[in-house]
Amino acid sequence: MDPSMGVNSVTISVEGMTCNSCVWTIEQQIGKVNGVHHIKVSLEEKNATIIYDPKLQTPKTLQEAIDDMGFDAVIHNPDPLPVLTDTLFLTVTASLTLPWDHIQSTLLKTKGVTDIKIYPQKRTVAVTIIPSIVNANQIKELVPELSLDTGTLEKKSGACEDHSMAQAGEVVLKMKVEGMTCHSCTSTIEGKIGKLQGVQRIKVSLDNQEATIVYQPHLISVEEMKKQIEAMGFPAFVKKQPKYLKLGAIDVERLKNTPVKSSEGSQQRSPSYTNDSTATFIIDGMHCKSCVSNIESTLSALQYVSSIVVSLENRSAIVKYNASSVTPESLRKAIEAVSPGLYRVSITSEVESTSNSPSSSSLQKIPLNVVSQPLTQETVINIDGMTCNSCVQSIEGVISKKPGVKSIRVSLANSNGTVEYDPLLTSPETLRGAIEDMGFDATLSDTNEPLVVIAQPSSEMPLLTSTNEFYTKGMTPVQDKEEGKNSSKCYIQVTGMTCASCVANIERNLRREEGIYSILVALMAGKAEVRYNPAVIQPPMIAEFIRELGFGATVIENADEGDGVLELVVRGMTCASCVHKIESSLTKHRGILYCSVALATNKAHIKYDPEIIGPRDIIHTIESLGFEASLVKKDRSASHLDHKREIRQWRRSFLVSLFFCIPVMGLMIYMMVMDHHFATLHHNQNMSKEEMINLHSSMFLERQILPGLSVMNLLSFLLCVPVQFFGGWYFYIQAYKALKHKTANMDVLIVLATTIAFAYSLIILLVAMYERAKVNPITFFDTPPMLFVFIALGRWLEHIAKGKTSEALAKLISLQATEATIVTLDSDNILLSEEQVDVELVQRGDIIKVVPGGKFPVDGRVIEGHSMVDESLITGEAMPVAKKPGSTVIAGSINQNGSLLICATHVGADTTLSQIVKLVEEAQTSKVT
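Going by this note's numbering, the first residue of the sequence shown is number 5, and it counts up by one from there.
Pasting the structure below:
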C-alpha cells in the first residue's frame, strides 16, 4: 500500500465548552466531516483528539471547522502524529451472494476502515483498519461471507524474512511509563518520541501507563528512547522485550518506499567523514519552518551528508558532505526533489576542508557573497510554579513561537528552561517577561553568562549586519506601498450574523480574496468596513463573496457613515484670523474631511477619517498652532434617563388626592343607598311628594346649617378644595404651558373638566345661599377628587414603568469606561511609556493596557498576555472567558486576573456597547406603523 495512505492524529485545544452538550455537538458535527475516522472530545482537558485522513483533511481545516461552530480552537503542536494501522486479509469461505462493489462500499462506510483492496481471482479482500477504532471481529460481522485468512498472513510474512530486509525490519517495544496524569502527558511523549530518527510509530496509553513503540533498531536503541522519556520527567522501563514484526507483503512494499525519518538533532548523530567538504546553496520557495524541517530531515537521511543547516531568513543551506561520494550538483538536485518539488536551488560556493574531526575548532572561510548563519546564544531561566508536564509543554509551545527563539528545553525536575535565541531579535529579559506573562515566576540565572552556540569571526560581523539589512529591504512587501496609494474603502451592510463566530468566518474568508487589503466587521452594527484595491475588485463583488458565505449583504452607498465626528472647545482665539488659521491648517491634513470653527462659541466641528487620523492627532495639531483644545464634555451619568423625580411627584399627587377622595366616595355611596331606600318606601307605601321631601330633609346630611347650605354640600366643598388646588397643581402647570403655546393636550382636558365641575358647584351653592332656598341644590364637588385620584395613579404607574425600561439602558451607559491607558511599544514589544487619556481620544490601532479588575475601554484584539474576562454584560454567561493573543475583547467587559495588551479595532460609537445603547434608544423612540 502507498505510504500516502497513512492515517494521522492531532490534538486540538477547544475553549468555550461548558457542558456535555457542547462535547456531543462537536463530536457529532466533526465526526460527519469527510475524512474524519474518529473524534474524542474531553470536557475536563478542554481538547479534542481527531484521527483523520491527511489526503482529505489537515489540522488547519479541522481547527477552522471547530471555530465555525462558535468555539475557540487552537493547535499547540502543528505536527500530526501517525496512527498505527493493521491490514487484514479476508477470504470468501462459501458462495458469495453479494457483489464485490457492495462489500467494498459497506466496509468503506465503517469508521476505522482506511483502505480496501479486492483480489477477485484469489477471492481475497485486504482491509486496512485502525485497531483502536475497529477490530477484525467487527469487520467479519459486517460481511459474514468473509473469514480471516491467517495462513495468508503467515505466508506473506515469511516472504520478508530474507537477509535484505533484516536490517530494515521494524521492532515493536512496550515500555512502562509512570507519572502520566492527563492526555497532555501522552501527547507530549508521543510528539517528542515520534520525532526521533528511527521511531516509526508510537502509541501511549494513559489507562495502562504504557507506551507501544515501533522502531528501527539499526537507527535508534531502546536505551536512547528510555533516556528521552525520562528526560521529559516520566520514569520508564522496558515492560516487554523487543521483537521483530511479522510483516505482510503490502507492509513490506510500504516499508521499502518509506523514507527514513530524522530528528532535528540528526546532524550530531550523523557520522563525520575525514574528507568532508562544505557547499552553500541558495533556496527559493521556502515559506515556513515546515519547509526548513522537511529539507533538513530529507538530506540528513543521506549517508554521504554529515550535517545541514537551513536558514529560512537567509534562504540558504550550508551542507557538509563526503566529496568522494557525491557532487554538489547531485545535492542541488536532491534538494529540488524534496516534496513538494517546488524549490529552486542554486550553488553559490564550495569550500574544501582539511580537517573535520569533532575536536577541530577551525572555522570555514565564507566568501563575501555567501550569507552567514546568525549568531545564537543560550541562556538559562529559573521557572517556579510548574506542577506537571502540561506546564512544560505549555511554556515550550508559547516561547518557541517568539521571534528569535531557535529552541527551548524546559526541565520540570530542575525548575528551569534553557533557551537558544538570536540576540539580534530578542533578549533574555524579554523571554523572562514572556514566561511571567503566562503565570509563572521566572528569574534569570546569575551564575551563567549567555553561551555562544554559533560563533562568527569579528571580521565578518559587518557582513552579518549588511546581509540582514539586504534581506530586510529585499523582503519588504510591495503590497504595503500599493495599499497606501491605490486603496479605497467601502461599507457593506451584513445581515444574518448571530455571534462572534460569524464575524470571524467573514473576516477569515474575505482576507483570502485577491485585492482585499483589510476587513473589519462590527457584529452589533451589522456593518463591514473593507479596504480594497479598486483595480482588482469592486464593492458589488465583495458583497457577493459575503452572500456566498450564507449572509445577506448590500453595499452602503453613503460612505460618510464611517466618518468620525469630533466636537472640540478651542480657547485662545481672538479674531477671524485665528479661525481661518485653524480651519486652513486642519483641512491641509490628510484624513480631515470637514472643519468648521465658531469664534463666538469657541467650538470646532470636525469630520475626519478614523483610519487615517485620530482625535489626539487633531488636538495636537491645534495645540501646535498656539491654541488650547479639549473635548466637549458629555454627560455620562445618564441623568436624562432618571425618572425618580417624576415618580415622587405623581406619587405625592396621588396620595393627596386619595386622602380626600375616600371620604367623598363614602358620602356619595351613603347618599346613593339612602336614595334607593326612599324610592322603595315611596313605591310600597304610596307616600306623597310632600311626605318624601320632609322625610329626605330629616336626614342629617340634608339638614341646612344656613339657608341653602346643607351639611352634605359643606363637607363635599371642604374635601374638594385641597384636591382641586394641591392634588391637581401639576395638571394646572402643564395645562398652562400648553395653552401658552396655543396647543391643547390631555392636561388641558383634565383641568377643563374638573374646573368646570368645581366652579359650577360653587356658583350654584352661593346662589342657593343668597336666595335662602329651602331645597338643597345638586352639586358636583365629588367629580374633581375622583378624576384626579385615578389620573394621578395612572401617571405614577406610567413613570414607574418608564423608569424600569430606562434602568437597563442607564446601567449599560454606566458600564462604559471613562479613561484608557495607552502604551507605546518598541520593535521588540518592550513597554516604553504609558499615558492616561479620555476614552473618546482613543484611536483605531492604539495599544491599550488593561490591568486586572479594569474595564476594557474599547473593542479590540489581544496582542499580548493571558487572562480571564467577564463578558456577562453581552452574553449573559456568568463563566469567565479565557483570552489569549488573537482573542477579541468587548468594551465594558471586565478583566479578571492578568494584564493584557490589546489593539483597538472599534472605538467611539463603533464599539459593541455603544451599538447596544444605540439600538435600545432607537427601540424606545420608535413607533409602530
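Idealized CB from N, CA, C, for every residue including glycine.
Bear in mind the structure is a predicted one, so any value in this text is a computation, not a measurement.
Item                                                                                                            : Value
Whole-Å CB distance - Lys-115 paired with His-42, under 8 Å assumed                                             : 6 Å
Touch test, the region 509 to 528 against the region 541 to 555, Cβ-Cβ under 8 Å, three pairs minimum           : yes
Counterpart residues of Met-872 in DSSP-defined beta bridges                                                    : Ala-886
Residue from Ile-550, Glu-533, Val-583 with nearest C-alpha to Glu-561                                          : Glu-533
Nearest-angstrom Cα separation, counted from Asn-38 out to Thr-391                                              : 39 Å
Ala-529 and Asp-90 closer than 8 Å at C-beta                                                                    : no
Same chain, Cβ closer than 7 Å to Met-236, five either side skipped, listed in chain order                      : Thr-192, Ile-193, Lys-196, Asn-393
Coarse secondary structure for Ala-52, derived from DSSP in three states                                        : strand
Extent of the continuous beta strand (DSSP E) run through Ala-913                                               : No beta strand (DSSP E) contains Ala-913, which DSSP labels as neither H nor E.
Pair within 8 Å by beta-carbon distance, Val-846 and Pro-861                                                    : yes
Lys-207 and Leu-88 closer than 8 Å at C-beta                                                                    : yes
Residue burial classification, Tyr-219 (beta-carbon count within 10 angstroms, cutoff 16)                       : buried
Which listed residue (Asn-212, Lys-230, Met-184, Gln-900) has its alpha carbon closest to that of Gly-198       : Lys-230
Gly-35 (DSSP reduced to helix, strand or coil)                                                                  : helix
C-beta contact flag for Ile-322 and Thr-380 at 8 Å                                                              : no
According to DSSP, residues forming a beta bridge with Pro-86                                                   : Asn-12
Distance between Ile-596 and Val-855 (C-alpha atoms, nearest Å)                                                 : 34 Å
Nearest-angstrom beta carbon gap, Gly-10 and Pro-86 [assumed within contact, 8 Å]                               : 6 Å
Under the three-state DSSP convention, the category Ile-134 falls into                                          : coil
Contact check, Val-583 vs Val-569, beta carbons under 8 Å                                                       : no
Check whether Met-716 and Met-678 have beta carbons under 8 Å apart                                             : no
Assigned secondary structure, Met-773 (DSSP; H/G/I helix, E/B strand, else coil)                                : helix
Identity of the residue in Ser-897, Gln-232, Gln-820 nearest Gly-880 by Cα                                      : Ser-897
Cβ neighbours of Ser-419 in the same chain (closer than 8 Å, five flanking residues each side left out)         : Asn-386, Ile-387, Asp-388, Met-390
Terminal residues of the beta strand (DSSP E) in which Met-429 lies                                             : This sequence places Leu at residue 429; Met is not what is there. It is not in any beta strand (DSSP E) - Leu-429 carries neither H nor E in the DSSP assignment.
Neighbour-count burial assignment, Gly-890, 16 or more Cβ in a 10 Å radius                                      : exposed
Three-state class that DSSP yields for Arg-512 in the structure shown                                           : helix
Of the residues Ser-431, Thr-434, Leu-527, Cys-292, the one placed nearest Gln-919, counting alpha carbons only : Leu-527
For Cys-494, the three-state DSSP class (helix, strand or coil)                                                 : strand
Bounding residues of the beta strand (DSSP E) (the contiguous stretch that carries Thr-282)                     : 280 to 288
Residues bridged to Ser-714 [DSSP beta-bridge criterion]                                                        : Gln-708
Extent of the continuous alpha helix (DSSP H) run through His-80                                                : Here His-80 belongs to no alpha helix (DSSP H), and DSSP marks it neither H nor E.
For Gln-33 and Thr-302, the rounded distance between their alpha carbons                                        : 37 Å
Closest residue to Lys-648 among Thr-916, Lys-806, Ile-233 (Cα-Cα distance)                                     : Lys-806
Length of the line joining the Cα atoms of Leu-835 and Gly-556                                                  : 43 Å
Cutoff 6 Å; reference Arg-205; Cβ partners in own chain excluding five residues on either side                  : Pro-86, Leu-88, Val-218
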